[in-house]
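Residue numbers (my numbering), protein chains in the order written: chain A, -8 to 89; chain B, 83 to 565.
C-beta atoms are modelled at their ideal positions from N, C-alpha and C, and glycine is treated no differently.
Small disclaimer: the values here were computed from a predicted structure and weren't measured.
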Amino acid sequence: MRTERLEFSSQAYSIEAAQKAAYRGLDKFTVHISTHEGSLVCELSLNLGVSEEQLPLLVQEFKKDILDESLREKIGAATSDVRNLILGIAFSRTNLSG
Amino acid sequence: MFRSADSYASEGNVELLPFRFNRLLSGAYLLTNLVGEHVVTSREILEDLVSGQLNRDLPIFADLRAKHFLRFDGETTPLELLALKVRTRSARLAQFTNLHIFVVSLRCDHSCPYCQVSRQSEDRAAFDMTPEIADKALDFCFQTPNRAVKIEFQGGEPLLNFDLVKYIVLRAKEINEHEGRNLEFVIATTLSLLTDEILSFCREHKILLSSSLDGPKDLHNKNRPRPGQDSYQRFCEGLTRAREWLGFDRVGALMTTTQASLPRVREIIDEYVRLGFDGIFLRPLSPYGFAIKTKGYQSYNVSKWLDFYKEGLSYIIELNRSGVPFVEQFTAIVCSKIFTNTDPGYVDLMSPSGIGIGAVVFNYDGNVFASDESRMLAEMGDHSFRLGHLLEHTYEDVMLSDSLLDALERSFTLSAPMCSDCAFEPFCGADPVYHHATQADPVGRKPESGFCQRNMGVFEHIIDLTSNDPEVKSLFLGWASRC
């Protein structure tokens, strides 16, 4: 089974971002995630039935996904308070309590 | 006096409002806010937006501000408007369960290989609903908080137990004299057993007929075998008579896509146009019941269905351009969710899921199921979504059952893995029964989910078409407003 080892700076990417990116690809590959001397190590293994020819493309997709997940983290951190406020306003005075 | 343009100039710091994004196959990015208002843009613009570096003179800055992706410091109106829209989109939740499905008989004169439940049997006692069960089901119906109550008769072929259909309609109308609900009746029928007596009753009580047409004669008869191989002929004759008795638009038809349908989408659409229908619902097979047993479900994958759907939609757009008004109904529902702030209430695209709170099913034997698919699953021996029994359980027992509430809570898309980050989430829904049936888990792993792949494929195609072709966008906006 072909495996691809990728290293990311753990200052640039969080474990959560790597986990979410790994989840997105689970129909094609599995990812073993670990940390090593300030790096986030992701080892991609193709699922049974997925051809090795697809590996470069899947690695590329994984790199894009981890970048996207990092951006989502930034948006989440910047907007979670206001999101809760909006939902609070939306569902206040609904007579659903009690 | 109007204020000068300068008084509207943007000032102060920019603050992000909640939004999600997806990377599309084209490389562009789709951004959606809490209520599904959307923008398609580049990675560069997205990064500038998140880092606060977006040039305020760009047209997209105004677009993003108008659609509440950002606000200036201290502005409260965007929050109030977003809250109002969130509340509007969720308004239906307080008025749950509109659709009540009565399975009045499992007996059927057809033996469709993809059908989940029907029985070829003369044994009325074994497969027909009784008046006692029907009375309990009606008591249940009128406990819904919804002011609109739709009663749909399904089977098997419900016309094989038409005496009970009549009993239920008359009794429901009697109860409704003091309930005052907006009461509506539908019979899902092949039209093969229509009589003047049945049509007269349907006309008197304003009952809609919902039928099945799978395409041209040979395809329809192949998909829907019955003794004499005359399903298509009976459908056409029944359609003509039903339209004469009830009115042209009082009879609808649904199609099911089988492997044999895949190369013939244009012929199928032509058949619907020829018979005077104004639209079609290009439906895939469901992974339940006999469809799985007969290997029908595995005979094509999501990718092949998406090709079928896209070719069909392209042909329907061509028809409209040539002056033939015709709608693809699933696209219309999705467009309503993408382009308007109203939720059409389509059970498969609801979150919380539509099971139980969008529709509930009373089986012929008194069992209550969370959806039509739930009873199909039960026919395969899996009773996970059996919510109770009409002779043993109260309305509260059923609607507050763990089987229902656990599935609704666990599959809620705003907290489900991947769904909670997905820009398509405002357009999509939760389907715990599908994921239970295919992955033995009501949430399901979305990258492996046919439901997710199919819906994402449809959403992305619609976003792509409407972003690149103003004529198509105008057409789809018209469809959206019909829902």
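Following the DSSP letters along the chain, one finds B/Ser292 inside the beta strand (DSSP E) bounded by residues 290 to 294. Note that the C-beta distance between B/Ile183 and B/Val429 is not below 8 Å. For B/Ala452, the secondary structure class from DSSP, reduced to helix, strand or coil, is coil. For A/Ser61, the closest of A/Ala12, A/Leu39, A/Ser30, A/Asp72 by C-alpha to C-alpha distance is A/Ala12. Annotation: B/Ala270 is outside any alpha helix (DSSP H); the continuous beta strand (DSSP E) that includes it extends over 264 to 270.
Residue pairing of A/Ser42 in beta bridges, as defined by DSSP: absent, with no partner found.
Taking a C-beta distance under 8 Å as the contact criterion, A/Leu46 and A/Leu37 qualify as a contact pair. Distance from the CA atom of B/Lys304 to the CA atom of B/Gln311, rounded to whole angstroms, is 8 Å. Counting of Cβ neighbours within 10 angstroms places B/Asp454 among the buried residues, the total reaching 16 or more. Within chain A, the residues whose beta carbon sits less than 9 Å from that of B/Met500 are Lys11, Tyr14, Arg15, listed in sequence order. Of the residues B/Val247, B/Gln236, B/Asn264, the one whose Cα lies closest to the Cα of B/Ala270 is B/Gln236. Neighbours of B/Arg536 in chain A, taken as residues whose beta carbon is under 7 Å from its own, are absent, since the nearest beta carbon is some 14 Å off.
Judged by beta-carbon spacing, B/Ser274 lies beyond the 8 Å limit of B/Gly334, meaning their Cβ atoms are not closer than that value. Taking 3 residues as the minimum length, the beta strand (DSSP E) runs contained wholly in the stretch 318 to 363 of chain B are 333 to 338, in order along the chain.
Taking 8 Å as the upper bound on Cβ-Cβ separation, chain A lies near residues Leu161, Glu162, Leu164, Ala165, Leu166 of the stretch 155 to 166 of chain B.
Judged by DSSP secondary structure, B/Leu220 falls within the alpha helix (DSSP H) whose first and last residues are 213 to 223. Ranking B/Ser108, B/Pro366, B/Trp387, B/Ile233 by CA distance to the CA of B/Val186 puts B/Ile233 first. Close to A/Leu76, with beta-carbon spacing below 8 Å, are these residues of chain B in chain order: Leu161. In the three-state reduction of the DSSP assignment, A/Ser0 falls in the strand class, which pools E and B.
Of the candidates B/Ala414, B/Asp191, B/Phe451, the residue whose Cα lies closest to the Cα of B/Thr548 is B/Ala414. In this structure, A/Val73 sits near B/Pro100, with a CB-CB distance shorter than 8 Å.
Residues of chain A whose Cβ lies closer than 7 Å to the Cβ of B/Arg325 do not exist, since the nearest Cβ in that chain is about 44 Å away.
Excluding five sequence positions before and after B/Asn95, the CB atoms of its chain that fall closer than 6 Å to its own CB belong to Asp155, given in chain order.
Using beta-carbon distances, B/Phe101 counts as an interface residue toward chain A, with a partner under 8 Å. Here B/Lys167 has Val117, Asn423 as same chain residues with Cβ atoms under 7 Å from its own Cβ, once five neighbours each way along the sequence are excluded. Only those residues of the stretch 110 to 128 of chain B whose C-beta falls short of 8 Å from the nearest C-beta of chain A are listed: Leu116, Leu128. For B/Glu239, no Cβ of chain A is located within less than 8 Å of the residue's own Cβ. The contact set of A/Leu37 on chain B, defined by CB atoms closer than 8 Å, is empty, because the minimum CB distance reaches about 14 Å.
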